[in-house]
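For the sequence shown, this note's numbering begins at 324 and goes up steadily by one.
C-beta: ideal position from N, C-alpha, C; glycine also.
The structure appears below as structure tokens.
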Amino acid sequence: MSDTIDSRLQAMGITLPEAAAPAANYVPYVISGNLLYLSGQLPIEGGKVAVTGLVGSDVQLADAQRAAELCAINILAQAKSALAGDLSRIVRVIKLNGFVASAPGFVEQHLVINGASNLIAGVLGEAGKHARAAVGMAALPLNAAVEIDAILEIAL
Numbered sequence: 324m325s326d327t328i329d330s331r332l333q334a335m336g337i338t339l340p341e342a343a344a345p346a347a348n349y350v351p352y353v354i355s356g357n358l359l360y361l362s363g364q365l366p367i368e369g370g371k372v373a374v375t376g377l378v379g380s381d382v383q384l385a386d387a388q389r390a391a392e393l394c395a396i397n398i399l400a401q402a403k404s405a406l407a408g409d410l411s412r413i414v415r416v417i418k419l420n421g422f423v424a425s426a427p428g429f430v431e432q433h434l435v436i437n438g439a440s441n442l443i444a445g446v447l448g449e450a451g452k453h454a455r456a457a458v459g460m461a462a463l464p465l466n467a468a469v470e471i472d473a474i475l476e477i478a479l
């Protein structure tokens, strides 16, 4: 399955970055039993937050969806780091929790987080189909437009 994941990433033109180090007093992931809990990932690209501001005023929907895709790429990078480089250990993505920095009146958070859901399902296939939440927020760390965390079931 690892070859399949790698080939899907390659076909999508995605190279996973090195997993980002925590920006405060927390760890990037916790493994408890067969569950991998990943801390929230921002739309980091090239070492900086790529999409900032409030969706619906500063950020257009398509750019917010791209931010969600970057969060998903960073989720996969963190999972790869947590699983000693072996993404084939992912049995199932249980849940994504998506947070969207939203301008007053913006109500399409679900469409924003589709960017991450589509990417995760595209890379992981059936194992990538998940439950999720898409929540509007007044602001996010570092003025990021989107933040997403994840819970994954893994093979031990």
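CB of residue i within 7 Å of CB of residue j, strictly
{"i": "A400", "j": "A468", "result": "no"}
{"i": "A424", "j": "A456", "result": "no"}
{"i": "I471", "j": "K418", "result": "no"}
{"i": "L339", "j": "I477", "result": "no"}
{"i": "Y352", "j": "L365", "result": "no"}
{"i": "V446", "j": "L332", "result": "yes"}
{"i": "G379", "j": "F429", "result": "yes"}
{"i": "L465", "j": "V350", "result": "no"}
{"i": "H453", "j": "V414", "result": "no"}
{"i": "N357", "j": "L479", "result": "yes"}
{"i": "G438", "j": "E392", "result": "yes"}
Residue i, enclosing beta strand (DSSP E) - first and last residue
{"i": "L475", "result": "V469 to I477"}
{"i": "G363", "result": "L358 to Q364"}
{"i": "V378", "result": "Neither: V378 is in no beta strand (DSSP E) and is coded neither H nor E."}
{"i": "V350", "result": "From DSSP, V350 is part of no beta strand (DSSP E); its letter is neither H nor E."}
Residue i versus residue j: straight-line alpha-carbon distance, rounded
{"i": "A395", "j": "E449", "result": "16 Å"}
{"i": "I354", "j": "L410", "result": "14 Å"}
{"i": "G363", "j": "P427", "result": "23 Å"}
{"i": "D381", "j": "T375", "result": "8 Å"}
{"i": "K403", "j": "Q383", "result": "30 Å"}
{"i": "M335", "j": "R389", "result": "14 Å"}
6 Å CB neighbourhood of residue i in its chain, flanking five on each side removed
{"i": "Q272", "result": "Outside the shown range of the chain (324 to 479) lies residue 272, about which nothing can therefore be said."}
{"i": "G421", "result": "I436, A457 and I471"}
Where are the beta strand (DSSP E) runs, 3 residues long or more, that stay fully inside the region 380 to 467, in chain order? 413 to 424 and 454 to 460
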